[in-house]
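Asker: In this text, residue positions in the sequence shown follow my numbering: the first is 23, and each later residue adds one.
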Amino acid sequence: HLMWYKFSPAVQLHTFHFEFSIGTNFIKGDFQVASFNFHGLACGLLPKFNNFMFVLGEEKSTRTFDLKNATFKIVEKLIRQYRKNFDNPFDIQAYTSNKKEFIANIQQRINVKNPVFSFQAEKGNKMFDLFRNEVYFDGGEEIESVSRELTSEPDGLRRAFYQDELVEYLHKLLFCKENVPVVLVGGEGTGRHTVLEEAVYRYAKEVAAWEDPWKRQYVWHINPNRIIAGMSIIGHWQKRFEAILKYSIRPYSREQFTDVILFDNPVALLHAGKSASGTLTLSKVMKPYLEQRSMKLVLIATPEEWKIIQESDRGFADLFQTIRMSRPDFPTAIKIILENRRRLEVQHQCNITIPAINQLFTIQRNFLKNKALPGSVMKMLTQIAAKYSNQKIDAPEVREEFQTISGLEQRIFDEQIKLDKNEIRDLLQSELIGQPRAVEVLTDAIHLIKAKLTDRSKPLASFLFTGPTGVGKTHAAKLLSKCLLGNEGQLMRFDMNEYIDAGALSRLIGNAHNPEGQLTGKVRYQPFGVVLLDEIEKAHPKILDLLLQMLDDARLTDSLGRTVDFSNTVIIMTSNLGAREAASRLGFQSSNHNDNALYRKAIENFFRPELVNRIGQIVIFNPLNQTQIQRIAQLQIKELLQRDGFVRRNTIVNVSEKALQWVAQRGFDIRMGGRALKRQIEKDLILLSARQLIQTTSEAPIILRITFENGHLTPHITPLEYCQPLNRNWLPNLPTESNIGYHFTRLLKKINRIEKTANQLTPKDDNPIVDPSQWQHFSFKERISQLKENINLKMLESRQLKRSFAPVIPFRLKRVFHQEAETGKARKVALRDKFFQTEALHQLQEEYRHGNLLFSSAQTDFLSSYINVAIVEIMLSGFLNRHPEKVLLCFRSGVTHSGREEIAWLMSQYANLFEKLELTFQWDKSKNQMEIEGYNLYHLLRNETGIHLFYIAHSLPVPVIVTLHLQQNADNPKPNTPATAIEPLHKVIRIYDSNNTITDLRTGYSNAFNLTTEEFKLLLYGGIHAE
């Protein structure tokens, strides 16, 4: 098999056209033959005939040999043999050429065990070999399994620009006859890897022109940890590494070359291999080879990593020739980035604009200043180019990618977005109760970060929060994380109770056995965020020393010599120092000023002055009073209602104001603060809710209302019902493009009848001077005239061959379920699954997105006019009775302290509708009610009452209950009676899905959340028919 890999003669490919008959079959097609000379013989090979080979004759006598004729005879012979030996019909297409074939030489590198082949080796028992520790490692196979060879794929290497002098120097050191160990030392982003890969690239292009390019030096990029991976038997990794080193010194079939080994994680060489049973490491194994100059080794290190190596093993470090790389100046960095920009555009077929490059430099200047150019910009640019392949990359794409990488809110880092000066303060005040000083300090910190005015040599901000327990110190850190990162779950929290022993420092920054420190590891992978050191006074003194470096230089070095940047983090420490002394003063006359002095004195007595001086702000939190505890109770209940048990059971919990006050009073403890309140809420409300929920089924969503009655909490369960669907014939017959004129003619006749009926009614007073009180009479008649004129124009337009107006935009209504699909209980289950389970809402969005529009442009045009006529016809009965009605449309949330935004949005939709219907209304936003005046409004709006259910992302649904009341006035002596009974109030008529879709349960239609008034009128018209 190996011999065939070496069989590579000069081959020519020929194509011949043959036509002949074999029996009753006629064969016609192009056949290919490859010809070559081998040991003085001329040979032919038929690729399509399973590589059938035949000899033409001696090479000298074949100059006049007829290759075409010989090929014809062989092809005819093979086809005849096929027909003779096989019953299957002969498929000529499988053996003829498609004119796309070609011949090419493929270079391969195969490592075999040398010098003993498998047929020569003495077979032994693998199990006994294992016990005797006589495992054989092949260096060629092992080095390929643990490394990447760079010279074989030069086009995949990074290119260096404007570094020719350093590249040439490296090229001479790496590929000369002398074996000089080299270490390339430079900061991250200076281009160490790129310069080295450029030297390898140039060497690979040189050897490509050699007669035998396979006989060259290889460059093996090895991860030290992969060498010892899986080597659980003592001595195995040493033998494996020895085999790799020997192979690199004298590789098979390339004995005259010494391969180059590259490590870019050099500190690992000092630790990899060390165990409880031995201190041998990779560096100690290589040391004799380096001293004898028998191997070529290249290291890439940062200054911190190289310092650790020098301090740990000076003898090993002194064997290397050190090349130090500095940051290129800013103009050179710009040139390098622009050169790479052109390369990336070609590689990914994208267009990177100059504003995108400017945005990258702005981000680097503001957030990545401690990382060197051009590497910090090139890393992001490479990621963006790969992500937006075949697209245009502008500044918005750069900002979006940076937001993904950093996690920062776009309003924080994007200079294009303005931030209102009170926006952050209002958010913090609404959730951080009773702590005005903390709100002020955190607001100022966020404003400084937004304005890019922080000191880039230090963390973004540093705070020490102190005060009594349970007053919101940890919650303040979570709120800051929420403001900066959009998610309080991104808070990096460390409880210092776990770091009180002598080994605490090693756990935070790592050690030889566990190099990934808990603190340094988190910040390395999440460099933008908030670090919370809870109860810092309990930490080991060495950790306090570590804080000095974090707060002063915004950087730490872990056990592997890697520098971790803290310049994009906010450091928050919490403490209870002074709380005991302040608590002992309860009951005596004291002021906040005196308490603050106690806390500050306790801090200064405990911490060293150099640490206190490095803390940006010391914030003292105030004790909470009962009023503040009640406000906190509202927030904590809102948070507890997000638990999975409430969300998945489709349960809406509503706690009355009195019940909330009672729970807050029971949970008030000035010493324990909000923690005592949270325990009381768990005991009173959550436990009571659990007892009620386990008695219910999940067939329908429920509202669990908890009130305070007769001295204790009382639960009330109200199941939500579904509105009955309309019959399919509730809509009129809809026109097509060809008969729309006929439908408008019929509609015109109807509006004529309405106008005739309305004109028969005259004002009460025949006085020629119009009474202002009768404006509604004339306004209604004017509306009929305008509607008639509009329909008349549409009818005339439909008769023209060419429309004079632009087509009407079709309704965006789509059907997401069919009313007749299920009935009874089956339909209720289907509706529950579709509309009241959070998992199904995404499916509802997809059904709407991919569904078909129900109405064409012509049908939409006709239907809008038809509904306007229908609404006027309903109002006509009230007009004939001469009694305009005043109705009160009221909105309230089914959940206390929730639904304010949903109610405001819903009222705005009704306000737009009433304006379109030319109705007079007054909007009282403080009471969440609208007073509307017009004819027969009771009948028009009565079926809008019920529950409008709003689904909010990652939260419980909010039911908004709409009721209608008929007002009493001089012209209408009817009593103030609710327009709906109690039963319909618990029926859900529409589903509003978090700014995505609106679904009407009566019509079965869904629409985009930004509903137009014409689309709303269609849903209103459907409600009129829901009797």
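Glycine included, each C-beta is placed from N, C-alpha and C at the ideal position. Bear in mind that the values here come from a model prediction, so they are computed numbers and not experimental data.
Just list the residues that DSSP pairs Gln-343 with in beta bridges.
Answerer: In the sequence shown, the residue the question calls residue 343 occupies position 321. Paired residue(s): Val-204.
Asker: Throw me the rounded Cβ distance for the Tyr-225 and Phe-263 pair, which I believe falls under 8 Å.
Answerer: Position 203 of the sequence shown, counted from the first residue, corresponds to residue 225. Position 241 of the sequence shown, counted from the first residue, corresponds to residue 263. So it is not a contact: roughly 25 Å between Cβ atoms.
Asker: Hey, how far is the Cα of Pro-979 from the Cα of Ile-728?
Answerer: Along the sequence shown, read from residue 1 onward, the residue named residue 979 stands at position 957. Along the sequence shown, read from residue 1 onward, the residue named residue 728 stands at position 706. Computed Cα separation, rounded: 17 Å.
Asker: For the alpha helix (DSSP H) containing Asp-448, list its first residue and its last residue.
Answerer: Reading the sequence shown from its first residue, position 426 is the one you call residue 448. Run containing Asp-448: 445–453, per the alpha helix (DSSP H) assignment.
Asker: Does the Cβ of Pro-481 have 16 or more other Cβ atoms within 10 Å, making it buried, or fewer, making it exposed?
Answerer: In the sequence shown, residue 481 corresponds to position 459, counting from 1. Answer is buried; the Cβ neighbour count reaches 16.
Asker: Among all the DSSP beta bridges, which residues are the ones paired with Cys-912?
Answerer: Numbered from its first residue, the sequence shown carries residue 912 at position 890. DSSP output for Cys-912 lists Gln-951 and Thr-985 as bridge partner(s).
Asker: So, with DSSP's three-state summary, where would you put Phe-383?
Answerer: Taking the sequence shown and counting its residues from 1, one reaches residue 383 at position 361. Helix at Phe-383.
Asker: Measuring straight from C-alpha to C-alpha, what distance separates Leu-573 and Leu-507?
Answerer: On the sequence shown, residue 573 is found 551 positions in, with the first residue counted as 1. On the sequence shown, residue 507 is found 485 positions in, with the first residue counted as 1. Whole-angstrom Cα-Cα distance: 21 Å.
Asker: Going by alpha carbons, who is nearest to Asn-1018 out of His-1008, Arg-1012, Asn-1029 and Ile-1011?
Answerer: Residue numbering aside, residue 1018 sits at position 996 when the sequence shown is read from its first letter. That would be Asn-1029, whose Cα lies nearest to the Cα of Asn-1018.
Asker: Quick check: the stretch 467–476 against the stretch 510–520, are at least 3 beta-carbon pairs closer than 8 Å?
Answerer: Verdict: no, contact absent.
Asker: Assuming contact is defined by CB atoms lying nearer than 8 Å, are Thr-550 and Ser-428 in contact in what I supplied?
Answerer: Translated into the one-based positions of the sequence shown, residue 550 becomes position 528. Translated into the one-based positions of the sequence shown, residue 428 becomes position 406. Going by the sequence as given, residue 550 is Phe instead of Thr. Cβ distance < 8 Å, so Phe-550 and Ser-428 count as in contact.
Asker: Please confirm if Tyr-274 has its CB atom under 8 Å from at least one CB of chain C.
Answerer: Protein chain content of the structure displayed is limited to a single chain, and chain C is not contained in it.
Asker: From the DSSP output, in three-state form, read off Ala-355 for me.
Answerer: The residue you call residue 355 lines up with position 333 of the sequence shown. In this structure, Ala-355 counts as helix in the three-state DSSP scheme.
Asker: Counting only the same chain and skipping the five closest in sequence on each side, list residues whose C-beta sits under 6 Å from that of His-215.
Answerer: As a working note, residue 215 is residue 193 in the sequence shown. Excluding sequence neighbours, His-215 sits near nothing in its chain.
Asker: Hey, His-255 and Leu-292: beta-carbon distance below 8 Å or not?
Answerer: Numbered from its first residue, the sequence shown carries residue 255 at position 233. Numbered from its first residue, the sequence shown carries residue 292 at position 270. Here the sequence assigns Ile to residue 255, which means His is not the residue at that position. Not a contact, by the Cβ cut-off of 8 Å.
Asker: Can you tell me whether Ile-128 is helix, strand or coil according to DSSP?
Answerer: Residue mapping note: residue 128 aligns to position 106 of the sequence shown, counting from 1. Of the three classes helix, strand and coil, the one that applies to Ile-128 here is coil, per DSSP.
Asker: DSSP three-state label for Val-917, please.
Answerer: Stepping through the sequence shown from its first residue, residue 917 is reached at position 895. Of the three classes helix, strand and coil, the one that applies to Val-917 here is coil, per DSSP.
Asker: I need the DSSP call for Leu-735, collapsed to helix, strand or coil.
Answerer: As a first step, residue 735 must be located in the sequence shown, where it is residue number 713. Of the three classes helix, strand and coil, the one that applies to Leu-735 here is strand, per DSSP.
Asker: Does the Cβ of Arg-1024 have 16 or more other Cβ atoms within 10 Å, making it buried, or fewer, making it exposed?
Answerer: By one-based count along the sequence shown, residue 1024 stands at place 1002. Looking at its Cβ environment, which holds 16 or more other Cβ atoms inside 10 Å, Arg-1024 is buried.
Asker: Evaluate Gln-34 with the Cβ neighbour count: other Cβ atoms within 10 Å of its Cβ, from every protein chain shown; 16 or more gives buried, anything less gives exposed.
Answerer: Within the sequence shown, the letter at position 12 stands for residue 34. By the neighbour-count rule (16 or more Cβ atoms within 10 Å), Gln-34 is not buried but exposed.
Asker: Less than 8 Å between the beta carbons of Ala-1048 and Leu-898, yes or no?
Answerer: Residue mapping note: residue 1048 aligns to position 1026 of the sequence shown, counting from 1. Residue mapping note: residue 898 aligns to position 876 of the sequence shown, counting from 1. No, the Cβ-Cβ distance between Ala-1048 and Leu-898 is not below 8 Å.
Asker: Report yes if the CB atom of Arg-105 is closer than 8 Å to the CB atom of Ile-44, and no otherwise.
Answerer: On the sequence shown, residue 105 is found 83 positions in, with the first residue counted as 1. On the sequence shown, residue 44 is found 22 positions in, with the first residue counted as 1. Contact: yes.
Asker: Bridge partners of Gly-551, per DSSP?
Answerer: If you number the sequence shown from 1, residue 551 lands on position 529. Looking at the DSSP assignment, Gly-551 forms a beta bridge with Thr-591.
Asker: Counting Cβ pairs, one atom from each stretch, are 3 or more of them under 8 Å apart for the stretch 162–173 and the stretch 238–250?
Answerer: Taking 8 Å as the limit for Cβ pairs, the verdict is that the stretch 238–250 does touch the stretch 162–173.
Asker: Do Pro-737 and Gln-714 have their CB atoms nearer than 8 Å?
Answerer: The residue labelled residue 737 in the question sits at position 715 within the sequence shown. The residue labelled residue 714 in the question sits at position 692 within the sequence shown. A contact, by the Cβ cut-off of 8 Å.
Asker: Does the beta-carbon distance from Pro-490 to Ala-604 come in below 8 Å?
Answerer: Taking the sequence shown and counting its residues from 1, the one referred to as residue 490 is at position 468. Taking the sequence shown and counting its residues from 1, the one referred to as residue 604 is at position 582. Yes; because the gap between Cβ atoms is below 8 Å, this pair is in contact.
Asker: Roughly how many angstroms separate the alpha carbons of Gln-611 and Pro-645, rounded to a whole number?
Answerer: Locating residue 611 in the sequence shown gives position 589, counting from the first residue. Locating residue 645 in the sequence shown gives position 623, counting from the first residue. Any reading at Gln-611 must be qualified, since the residue scores a pLDDT of 48, below 50, and its modelled position is unreliable; the value itself is stated next. C-alpha separation (whole angstroms): 15 Å.
Asker: Which runs of the alpha helix (DSSP H) at least 4 residues long sit entirely within the stretch 521–577? Give them in chain order.
Answerer: For the stretch 521–577, whole alpha helix (DSSP H) runs of length 4 or above, ordered along the chain, are 526–531, 540–547 and 563–575.
Asker: Mapping DSSP to helix, strand and coil, what is Phe-1031?
Answerer: Indexing the sequence shown from 1 puts residue 1031 at position 1009. DSSP places Phe-1031 in coil when its eight states are reduced to three.
Asker: Between Ala-655 and Ile-703, which are expected to be in contact by the criterion C-beta below 8 Å, what is the C-beta distance as a whole number of angstroms?
Answerer: Translated into positions along the sequence shown, residue 655 becomes position 633. Translated into positions along the sequence shown, residue 703 becomes position 681. With 8 Å as the limit, Ala-655 and Ile-703 qualify as a contact, their Cβ atoms being about 7 Å apart.
Asker: Measuring straight from C-alpha to C-alpha, what distance separates Asn-598 and Glu-924?
Answerer: Sequence index remark: in the sequence shown, residue 598 carries index 576 (1-based). Sequence index remark: in the sequence shown, residue 924 carries index 902 (1-based). Between Asn-598 and Glu-924, the C-alpha separation is close to 41 Å.
Asker: When the Cα atoms are used, what is the spatial distance from Glu-819 to Gln-944?
Answerer: Here residue 819 corresponds to residue number 797 of the sequence shown, with the count starting at 1. Here residue 944 corresponds to residue number 922 of the sequence shown, with the count starting at 1. Their backbone Cα atoms lie some 38 Å apart in a straight line.
Asker: Please report the residue range of the alpha helix (DSSP H) in which Asn-107 lies.
Answerer: Indexing the sequence shown from 1 puts residue 107 at position 85. Counting along the chain, the alpha helix (DSSP H) containing Asn-107 begins and ends at 89–107.
Asker: For the stretch 457–471 against the stretch 555–575, are there 3 or more C-beta pairs whose distance is under 8 Å?
Answerer: In short, these stretches do not touch, since the Cβ pair count stays below three.
Asker: Give the straight-line distance between the Cα atoms of Lys-443 and Gly-492, rounded to the nearest whole angstrom.
Answerer: Taking the first residue of the sequence shown as position 1, residue 443 is located at position 421. Taking the first residue of the sequence shown as position 1, residue 492 is located at position 470. The alpha-carbon atoms of Lys-443 and Gly-492 are separated by roughly 29 Å.
Asker: Identify every run of the alpha helix (DSSP H) within the stretch 237–271, keeping only runs that are complete inside it and at least 4 residues long; order them along the chain.
Answerer: Whole alpha helix (DSSP H) segments, 4+ residues: 246–250 and 258–271.
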